[in-house]
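In what follows, a single structure is set out as structure tokens and then discussed.
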Amino acid sequence: MTGVTETRWEFSAIGTSWQIQTSSPLPAAIRDAVAALIEAFDRDWSRFRADSLVATLARDGGAVAAPPDTAAMLDAYVELSVATAGAVNPLVGDALARRGYDAGYGFIDHGARASPRDWTARLDWSEETLRLSSPALIDVGALGKGRLVDRVLAEIAPWADGRIVVDASGDLAVRGGPERVGLEHPYDPRRAIGVWEVTDAALCASATNRRAWGDGLHHVLDARTGQPVRTVAATWALAADAMTADAAATALFFEGGPELAHRWDVQWVRMTTDGRVEWSPDCKAELFS
Amino acid sequence: MIRTTAVPRQLRVGAAAASVLGIAVLAGCAGTTTSTTDDAGSGASSTDQAVDATDSGSSSGSATYTDGTYTADGSYATPESVETISVTVTLADDVITAVEVTGNPTKTESEQYQSQFIGGIQDAVVGQDIDEISVSRVAGSSLTSGGFNEAIDAIKAEAAA
């Protein structure tokens, strides 16, 4: 369809599939730069590899040189945490691992545990330093992939004419032209609940149906309780940048999400687990009945 | 317990049905039911919660689940009250063709939300076949890859052994 005059570069990274669509093939040097950027992000923030910065902090705590995305992401976490009354928390990593979503993909549930509510007292950061007063497992899953999509798009944009789509499976950013995106039904991946045309913006989706294991367990935990969310099955958020959209898509699983989306100028759609679909007042997605 | 999440690919739609049904039941642990049947015995949803199957039609050769209409009732506590809802799912050839949710949640809090930050609400969206709408890509949950899938497969194999 739209691929007639465009090229697609596909690869796997950070535990999911990526697809980058450009009007002409990217030079090898740019691909290498993108791969290096993703590798560096993964080495800093992945809680699934033993040599990452967050794995080191989880073992030892203490202060390290702050990775480039530290302030942008953790500042947004402060807003997320406040807006959701603590449901979103970057120290949720230990709780996720405890429920079975650990670095070894053990998927053995050791029960619910609340994450430290006073995370801003334990974790502090500046442009230079990232510090944990005591060991804890940082998880930037609420917005990290969106941030990485933004970084990749910024790396590519100077080298690509025409339309660019950076799609990290669930989180995507579009520049230079429209892209029609189906909103996958969380209970039936062969169906869509609507279509969103994305132009010079980012659309991020989150749903509980794939990163799921065990008895009703999935990757969206309420940090206050360590329990998986039960009322929202899927969210979609559209914003100028992917980190904002990703963060809003996470917040929309919780009370306070719609207010935060309003404040951030984010359009959204979400499906609750009883099959209802809700949308923001300014939402321009085309929704099916 | 009925799972609330979709699992293996070949059980996908069945698990999806279980999801919809499971929510109503899981949310409150107080499911009430009208009769008991095993829903096509796939293991995606062990049925210690009963499911009422009516209108069982013929299932096609590849179907994992028996066509028909499945209903479950459930209740859940909100900060203000205990809500009850009933969810009915219609399955044909392993595809959900209809979802109906009945019940009358009081949800004063939700209504307050709606007036300010929610533009609209639509009940029980079934959606359209992705092959029949003109889209270049789809956004939902992230595809999982590598270790995640292998680990899940290993657990399933263990469970089946």
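Respectively, the protein sequence lines represent chains X and D.
Count the first sequence with my numbering and you get residues 410 to 698, in order.
Count the second sequence with my numbering and you get residues 2 to 162, in order.
Virtual Cβ for every residue (Gly too), placed ideally from N, Cα, C.
I need the straight-line Cα distance from residue i to residue j, nearest angstrom please.
i        : j        : result
ARG599/X : ARG138/D : 12 Å
ASP124/D : ALA621/X : 25 Å
ALA494/X : ASP94/D  : 43 Å
ASP527/X : LEU500/X : 10 Å
LEU552/X : SER455/X : 13 Å
SER135/D : HIS594/X : 16 Å
VAL629/X : GLU537/X : 30 Å
ALA657/X : ILE156/D : 33 Å
TRP418/X : LEU144/D : 17 Å
VAL686/X : ASP655/X : 19 Å
GLN676/X : ALA161/D : 44 Å
ASP576/X : PHE420/X : 11 Å
ALA464/X : SER432/X : 39 Å
ALA512/X : SER461/X : 11 Å
ASP503/X : SER615/X : 21 Å
LEU446/X : VAL473/X : 19 Å
ALA73/D  : VAL100/D : 12 Å
PRO667/X : SER490/X : 14 Å
PRO544/X : ALA569/X : 43 Å
PRO436/X : LEU562/X : 15 Å
GLN11/D  : TYR66/D  : In this prediction, GLN11/D scores a pLDDT of 32, lower than 50, which makes its location untrustworthy; no coordinate-derived value is stated.
ALA19/D  : SER698/X : Confidence is the limiting factor: at ALA19/D the pLDDT is only 39, short of 50, which leaves the residue's position unreliable and the question unanswerable from this model.
THR89/D  : ASP478/X : 46 Å
LEU92/D  : ASP597/X : 11 Å
ASN498/X : THR634/X : 11 Å
SER542/X : GLY470/X : 6 Å
GLU415/X : VAL574/X : 10 Å
ALA449/X : ARG440/X : 14 Å
ARG540/X : TRP534/X : 6 Å
TRP427/X : SER578/X : 6 Å
THR34/D  : LEU626/X : Only weak support is given to the placement of THR34/D: the predicted model assigns it a pLDDT of 32, under 50, and the value that follows is read from those uncertain coordinates. Approximately 24 Å between the Cα atoms of the pair.
ARG556/X : ALA651/X : 6 Å
ALA140/D : LEU669/X : 22 Å
MET680/X : GLY121/D : 12 Å
Give a yes or no on whether 7 Å exceeds the smallest Cβ distance from residue i to chain D.
i        : result
THR493/X : no
TRP673/X : no
ASN498/X : no
GLU606/X : no
ILE602/X : yes
LEU647/X : no
GLU638/X : According to the sequence provided, residue 638/X is Val. The question's Glu does not apply to it. No, no contact with chain D.
ALA614/X : yes
SER543/X : no
ARG619/X : yes
Could you confirm whether any beta carbon from chain X is found closer than 7 Å to the beta carbon of residue i?
i        : result
GLY121/D : yes
ALA125/D : yes
ALA152/D : yes
GLY58/D  : Per-residue confidence for GLY58/D stands at a pLDDT of 39, beneath the threshold of 50, marking its modelled position as unreliable; no derived number is given.
Can you tell me which residues form a DSSP beta bridge with residue i?
i        : result
CYS613/X : ASP580/X, ALA646/X
HIS594/X : ASP597/X
MET680/X : ALA643/X, VAL686/X
THR431/X : THR416/X
GLU588/X : VAL607/X
VAL139/D : GLY591/X
ASP631/X : GLN636/X
GLN129/D : ALA601/X
ALA621/X : HIS627/X
ALA472/X : ARG540/X
GLU695/X : VAL604/X
SER426/X : SER421/X
VAL96/D  : ALA93/D
GLY121/D : TRP688/X
With respect to 6 Å, is the separation between the Cβ of residue i and the closest non-hydrogen atom of the ligand NAP below this value?
i       : result
TYR66/D : No copy of the ligand NAP appears in this structure; indeed no ligand is present at all.
*Using a beta-carbon distance cut-off of less than 7 Å, what residues from the segment 506-539 of chain X approach chain D?*
Those would be TYR514, PHE516, in chain order.
*What residues from the segment 129-148 of chain D come within 7 Å of chain X, judged by C-beta to C-beta, listed N to C?*
Here the close residues are GLN129, ASP130, ILE131, ILE134, SER135, VAL136, SER137, ARG138, VAL139, ALA140, GLY141, SER142, SER143, LEU144, THR145, SER146, GLY147, GLY148.
*What are the residues of the segment 421-437 of chain X that lie near chain D, defined by any Cβ-Cβ distance shorter than 7 Å?*
Listed by position along the chain: SER421, GLY424, THR425, SER426.
_For the segment 666-696 of chain X, list every residue whose C-beta sits within 8 Å of some C-beta in chain D, in sequence order._
Correct list: PRO667, GLU668, ALA670, HIS671, MET680, THR682, ASP683, GLY684, ARG685, VAL686, GLU687, TRP688, SER689, PRO690, ASP691, CYS692, LEU696.
*What are the complete beta strand (DSSP E) segments, minimum 3 residues, inside the segment 478-541 of chain X?*
Runs found: 532-534, 538-541.
_Residues of the segment 556-578 of chain X with Cβ closer than 9 Å to any Cβ of chain D, in chain order_ = VAL574, ASP576, ALA577, SER578: these are the residues of the segment 556-578 of chain X whose beta carbon lies less than 9 Å from some beta carbon of chain D, given in chain order.
_Short-range partners of chain D found in the segment 581-601 of chain X, where Cβ spacing is below 7 Å_ = Listed in sequence order: LEU581, GLU588, ARG589, VAL590, GLY591, LEU592, GLU593, HIS594, PRO595, TYR596, ASP597, PRO598, ARG599, ARG600, ALA601.
*Of the residues that make up the segment 434-463 of chain X, which ones have a beta carbon closer than 8 Å to any beta carbon in chain D?*
Taken in chain order, the members of the segment 434-463 of chain X whose beta-carbon sits within less than 8 Å of a beta-carbon on chain D are PHE457.
*Which runs of the beta strand (DSSP E) fall wholly inside the segment 539-576 of chain X and span at least 3 residues, in chain order?*
Within the segment 539-576 of chain X, the complete beta strand (DSSP E) runs of at least 3 residues are 573-576.
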